[in-house]
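Position in the sequence shown (from 1) plus 4 gives the number in this note's numbering. The beta-carbon is built from N, C-alpha and C at its ideal position, and this holds for glycine as well.
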Amino acid sequence: MTAEESIRSIAGAKAAIDNGFSRVGRRLAEGDAAARWLHAGAGRAVALCDAIVLLCRGQHGPEAAAPARAAIQLAADLCWLARGPRRERLAELERDARSGDWGAVWSQSRLHERLKAAGWTEQELEERLGDAARLCAAMSAGGGELLPWAHAFSVPPEPRVAAEEVLAAGARALRDIAQALGARWPGCFAL
Numbered sequence: 005m006t007a008e009e010s011i012r013s014i015a016g017a018k019a020a021i022d023n024g025f026s027r028v029g030r031r032l033a034e035g036d037a038a039a040r041w042l043h044a045g046a047g048r049a050v051a052l053c054d055a056i057v058l059l060c061r062g063q064h065g066p067e068a069a070a071p072a073r074a075a076i077q078l079a080a081d082l083c084w085l086a087r088g089p090r091r092e093r094l095a096e097l098e099r100d101a102r103s104g105d106w107g108a109v110w111s112q113s114r115l116h117e118r119l120k121a122a123g124w125t126e127q128e129l130e131e132r133l134g135d136a137a138r139l140c141a142a143m144s145a146g147g148g149e150l151l152p153w154a155h156a157f158s159v160p161p162e163p164r165v166a167a168e169e170v171l172a173a174g175a176r177a178l179r180d181i182a183q184a185l186g187a188r189w190p191g192c193f194a195l
């Protein structure tokens with residue numbers, strides 16, 4: 005997928021999420037903590053994808069890796085919450101968030117566990133886990149070539165992650181979130 009195709013995909017998923025919540029709006033209840041979590045998580049994912057687009061357009065692919073990884077985790081968490089026993093899963097999500105441990109929130113094993121429990125196919129699992137692993141490695145490779153005298157270091161430690169790869173991961177995550185919201189509120193979040 006090209007960068008522009010991913011950007012269009014992100015825009016389409018954002019529209020599906022926005023339009024979906026416009027359709028669901030009157031049915032949202034103040035006391036529905038799972039719906040509140042799904043709504044807030046979708047909002048965070050939209051903002052993260054906006055940041056990914058801006059960073060990638062500015063030639064900062066490695067710096068966009070962290071927001072893309074966060075979007076992947078949000079997609080896994082929201083799919084997991086939308087497709088299972090909400091009360092128990094919501095309690096676990098809130099406990100993880102309150103722990104203050106980034107390792108717990110962004111754990112590769114937790115990502116795998118939640119994607120699998122949400123009913124993803126093996127191919128989807130491998131694709132998302134691969135995205136997360138490559139983005140993690142990409143974060144540490146890059147940045148210096150934008151500074152003066154970057155030519156003094158002719159070979160970077162790792163090849164820079166391409167903006168297309170980061171944008172594609174963000175686009176997949178946002179589409180996954182729209183689909184998770186569609187599972188919770190059928191017929192409202194069409195891509």
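For residue i, three-class secondary structure by DSSP
i    : result
G88  : coil
A121 : helix
Q63  : coil
W196 : Coverage of the chain is limited to positions 5 through 195, which leaves residue 196 absent and any answer about it impossible.
G148 : helix
R93  : helix
D36  : coil
R31  : helix
R102 : helix
Whole-Å CB distance - residue i paired with residue j, under 8 Å assumed
i    : j    : result
A80  : L115 : 5 Å
P66  : R164 : 6 Å
G24  : C192 : 4 Å
G186 : C53  : Actually they are not in contact, since the Cβ atoms of G186 and C53 sit about 18 Å apart, beyond 8 Å.
N- and C-terminal bounds of the alpha helix (DSSP H) containing residue i
i    : result
G186 : 167–188
S26  : 7–28
W106 : 106–109
E126 : 126–143
Residue i beta carbon near the ligand PLP (any heavy atom closer than 7 Å)
i    : result
E128 : In the structure on display, the ligand PLP does not appear, and there are no ligands present to speak of.
Practice task
Check whether the stretch 67–87 touches the stretch 17–26, taking contact to mean three or more Cβ pairs, one atom from each stretch, closer than 8 Å.
Solution key: no
Contact the stretch 133–145 vs the stretch 100–116: 3+ CB pairs below 8 Å = yes
Notebook entry, point to check: Pairing CB atoms from the stretch 79–97 with CB atoms from the stretch 33–50, are three or more of them under 8 Å?
Noted result: yes
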